[in-house]
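J.:
In this note's numbering, the protein residues as written are 1 to 166.
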């Protein structure tokens with residue numbers, strides 16, 4: 001069974017979905033069903049139930065919001081993807097709070113050529129576990145914030161919270 005909890009944040013409600021303590025989806029929505037619908041059919045077949053407290057993942061979010069910017073890093077996460085996608089997602093998790101990089105640098109950090117920036121962008125666009133897998137820390141080479149699945153105001157808030165932008 002997939003368990004869900006919604007936590008209030010200054011950027012809006014954050015839905016967390018976990019399976020046996022491992023976060024399988026997280027996103028800025030008040031409706032966990034929105035995140036559940038993005039999961040694989042195999043995970044969806046397990047069903048979804050709301051709980052009052054997911055334990056460690058929920059506490060990590062509260063700690064992050066209280067200023068412990070590395071709190072999310074220790075939480076176990078799991079999402080599907082090809083070996084290349086998995087390398088990109090691991091590289092994303094290694095970008096520290098307060099730091100932003102471009103897509104080409106993300107590709108390079110994943111052991112891919114800088115020309116794999118498009119693949120890096122795809123990994124960010126399909127990331128199911130924001131902000132635990134911090135795609136908000138990736139900015140376009142041309143400047144600005146770029147896009148974000150949950151909207152640029154959420155991305156701006158996360159970066160300002162992490163002191164990556166003023």
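C-beta atoms are modelled at their ideal positions from N, C-alpha and C, and glycine is treated no differently.
Since we're looking at a predicted model, the values are computed, not measured.
(1) When the Cα atoms are used, what is the spatial distance from residue 77 to residue 113?
(2) According to DSSP, what are the bridge partners of residue 3?
(3) So if DSSP puts residue 183 in a beta bridge, which residue, or which two residues, is it bridged to?
(4) How is the alpha helix (DSSP H) around residue 38 delimited, first residue to last?
(5) Considering only residues of the same chain and omitting the five flanking positions on each side of residue 11, which have a CB-CB separation below 7 angstroms?
(6) With distances taken Cα to Cα, identify the nearest neighbour of residue 140 among 117, 31 and 160.
(7) Could you name the residues of the same chain whose beta carbon sits closer than 6 angstroms to that of residue 127, not counting the 5 residues immediately before and after it, in chain order?
(8) If you follow the alpha helix (DSSP H) that residue 118 is part of, which residue opens it and which one closes it?
(9) Can you pull the DSSP bridge partners for residue 26?
(10) Who pairs with residue 77 in a beta bridge, going by DSSP?
(11) Do residue 95 and residue 62 have their beta-carbon atoms positioned less than 7 angstroms apart in this structure?
(12) Would you mind sorting residue 162 into buried or exposed? The rule is 16 or more other CB atoms within 10 Å of its CB.
(13) Nearest by alpha-carbon distance to residue 15: which of 40, 57, 45 and 43 is it?
(14) Taking the CB atoms as reference points, tell me whether residue 17 and residue 6 lie closer together than 7 angstroms.
(15) With a threshold of 16 other CB atoms inside 10 Å of the CB of residue 79, please say whether the residue is buried or exposed.
(16) Sorted by chain position, which residues of the same chain lie with C-beta nearer than 7 angstroms to residue 129's C-beta, five sequence neighbours on each side aside?
(17) Given a cut-off of 7 angstroms on the beta-carbon distance, is the pair residue 4 and residue 41 in contact?
T.: Reading from the atomic positions:
(1) If you take the alpha carbons of residue 77 and residue 113, they lie about 26 angstroms apart.
(2) Per DSSP, the beta-bridge partners of residue 3 are 18 and 49.
(3) What the structure shows of the chain is the stretch from 1 to 166, and residue 183 is not part of that stretch, so it cannot be assessed.
(4) Run containing residue 38: none; DSSP gives neither H nor E here.
(5) Within the same chain, residue 11 has close Cβ partners 28, 154, 157 and 158.
(6) Closest in C-alpha terms to residue 140, from the list 117, 31 and 160, comes 117.
(7) Cβ neighbours of residue 127 beyond the five flanking positions: 133 and 135.
(8) 117-125 is the extent of the alpha helix (DSSP H) around residue 118.
(9) Partner(s): 16 and 129.
(10) Beta-bridge partners assigned by DSSP to residue 77: 23.
(11) Result no, Cβ atoms of residue 62 and residue 95 do not sit closer than 7 angstroms.
(12) Buried, because 16 or more other Cβ atoms sit within 10 Å of the Cβ of residue 162.
(13) Ranking the options by Cα distance to residue 15, first place goes to 57.
(14) Between residue 17 and residue 6, the C-beta gap is not smaller than 7 angstroms, which leaves the two residues out of contact.
(15) Looking at its Cβ environment, which holds 16 or more other Cβ atoms inside 10 Å, residue 79 is buried.
(16) Taken in chain order, the residues that qualify are 23, 25, 26, 77 and 79.
(17) Contact check for residue 4 against residue 41 fails: the beta carbons are separated by 7 angstroms or more.
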